[in-house]
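In our numbering, the protein residues as written are 2 to 163.
As structure tokens, then:
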């Protein structure tokens, strides 16, 4: 079976940026489970998985426009510490952290400066403007269940759990 829209794909991956390994599931980690065609992955990685089958091992290079986009100047903002986990305690310039959004959800940001009650952040994704190099090892490809399609995401091993 080949990966495509509406298929559940499980894969191990290693991500390298500028010659440095950023993250990997290949050293004993759990594979990533995704439902293709539902916006769970950056466009370049989703396109790279199209047509792949169990056992395929491949590399895909993703330019910024198919990854996290180009860096945009002027994307800084001053935010009260209360919007950060643990009220911003322990944050320092250069840290990557998660910002809780008022409308719900969250966003990955980079800390520029920490004040007594506010944090200056860069709203560009930390990987914006970077070429991403993925090494992929496809573990499973299967049809998505009706429940997975309704939920818009994969359930590992098709067990219905979230």
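Each residue gets a CB set at the ideal place from its N, CA and C atoms; glycine is no exception.
Keep in mind the model is a prediction, meaning the values are calculated, not measured.
What's the gap between the Cα of residue i and the Cα of residue j?
i: residue 66; j: residue 9; result: 25 Å
i: residue 73; j: residue 123; result: 10 Å
i: residue 117; j: residue 85; result: 13 Å
i: residue 114; j: residue 77; result: 11 Å
i: residue 57; j: residue 135; result: 13 Å
i: residue 139; j: residue 50; result: 9 Å
Suppose the cutoff is 7 Å on Cβ atoms and the five residues either side in sequence are ignored; what does the same chain contact list for residue i look like?
i: residue 26; result: 13, 14, 32 and 33
i: residue 109; result: 97, 99, 126 and 127
Within the same chain, show all residues whose beta-carbon is closer than 6 Å to that of residue i, passing over the 5 residues directly before and after it, in chain order.
i: residue 69; result: 126, 128 and 129
i: residue 6; result: 37 and 38
i: residue 101; result: 84 and 107
Locate the alpha helix (DSSP H) running through residue i, then write down its first and last residues.
i: residue 44; result: 44-50
i: residue 152; result: 147-152
For residue i, I'd like the list of residues in its chain whose CB is within less than 8 Å of its CB, leaving aside the five on either flank, ordered along the chain.
i: residue 119; result: 79, 80, 81 and 82
i: residue 1; result: Outside the modelled stretch of the chain, which goes from 2 to 163, sits residue 1, for which no answer is possible.
I'd like to confirm the pairing. Which residues does DSSP put opposite residue i in its beta bridges?
i: residue 11; result: 34 and 141
i: residue 165; result: The requested residue 165 does not occur in the structure, where the chain is confined to residues 2 to 163.
Please list the terminal residues of the continuous beta strand (DSSP E) segment that includes residue i.
i: residue 25; result: 21-25
i: residue 81; result: 77-81
i: residue 62; result: 58-63
i: residue 121; result: 119-123
Please check if any C-beta of chain D sits within less than 8 Å of the C-beta of residue i.
i: residue 121; result: In summary, chain D is missing from the structure at hand, where a single protein chain is found.
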